[in-house]
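In short: position in the sequence shown from 1, add 4, done, that's the working numbering. Even for Gly, the Cβ is constructed at its ideal location relative to N, Cα and C. Because the structure is a prediction, the values reported are computed rather than measured. First the structure, in the form of structure tokens, and then the observations on it.
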Amino acid sequence: MKYEEDVRARSYKFRDEYVDATPWWYRGEMHLGFTLLFTGGVIVYCLMQLHAPTLVEWLAVIPLFLFGNWAEWAAHRYVLHRPTKYFSMIYKRHCAVHHRFFTHVTLEYKGHRHWRALLFPPFAPVAFVLAAVPFALVIGFVFSRNAGYIALFTMAAYFLMYEGLHTLSHFTDSPFLDRVPLVNTVRRLHATHHDPEVMATQNFNLTFPICDTLFGTRSDVPSNAREPLERGH
5 MKYEEDVRAR SYKFRDEYVD ATPWWYRGEM HLGFTLLFTG GVIVYCLMQL HAPTLVEWLA
65 VIPLFLFGNW AEWAAHRYVL HRPTKYFSMI YKRHCAVHHR FFTHVTLEYK GHRHWRALLF
125 PPFAPVAFVL AAVPFALVIG FVFSRNAGYI ALFTMAAYFL MYEGLHTLSH FTDSPFLDRV
185 PLVNTVRRLH ATHHDPEVMA TQNFNLTFPI CDTLFGTRSD VPSNAREPLE RGH
């Protein structure tokens, strides 16, 4: 279709320009490595601070997970896809870079220099964890020390899951991933989200599509987009 051809041509043109403008010192491996080491380090540290946590304390993961799902959905919808006074730089980076580099017909990435447009900037996991610290402190004060560390652990793990599932959504030739139920669904819904015509209105969850379903923003991939993906459940 002409629409897909035009989108593909514009995306590849932007890719060439963006990669050419990438600083010589950028290394995607270091970018990814920092994200993994930082979030992984926070997770390990929190687990090491726990002292005989009870089942009730571990159950705190459930409401925290649901809150994280809402925060993921809300931030994606109202910050990353709407220009605001205080977050304009984040909006521009997401819409003017990520969504031009990757569309529903150009989801693939090739080489570590493409990771600069794929992964969250290195400051993102740090900012995410720092933002979670006050909530963890309050939970630790109100409930227990263990509960506070479990809260911080959950938020760091959620960010890592978010980044991981998002990256898997940009693997375009993987029969194995196409058959994994959750990953299949995430990839399928994310492909629709990258259609320029619907990116501001559909599929803002990148993990479990709970809030997209609850708030009516979930939409399946159209039949003419990304044929290799099988329909998941």
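Please classify residue i: is it buried, with 16 or more other beta-carbons within 10 angstroms of its beta-carbon, or exposed?
i: Ile143; result: buried
i: Glu61; result: buried
i: Gly152; result: buried
i: Arg86; result: exposed
i: Thr58; result: exposed
i: Arg192; result: buried
i: Pro179; result: exposed
i: Pro129; result: buried
i: Trp29; result: exposed
Can you tell me where the alpha helix (DSSP H) with residue i in it begins and where it stops?
i: Phe145; result: 127–146
i: Tyr92; result: As written in the sequence, residue 92 is Ser, which differs from the Tyr given in the question. Looking at the DSSP string, the run of the alpha helix (DSSP H) that includes Ser92 is 92–97.
i: Ala160; result: 149–172
i: Ala78; result: 65–82
i: Arg222; result: Note, Arg222: premise wrong, no alpha helix (DSSP H); not H, not E.
Measuring CA to CA, which of the options is closest to residue i?
i: Ile214; options: Asp24, Leu181, Phe69; result: Phe69
i: Val190; options: Val202, Gly168, Ser92; result: Gly168
Pick helix, strand or coil for residue i, following the three-state DSSP scheme.
i: Phe212; result: coil
i: Tyr16; result: helix
i: Tyr49; result: helix
i: Asp177; result: coil
i: Phe105; result: helix
Going by beta-carbon coordinates alone, are residue i and residue j separated by less than 8 Å?
i: Leu54; j: Asn150; result: yes
i: Thr43; j: Ala155; result: no
i: Thr110; j: Ser223; result: no
i: Met165; j: Thr107; result: no
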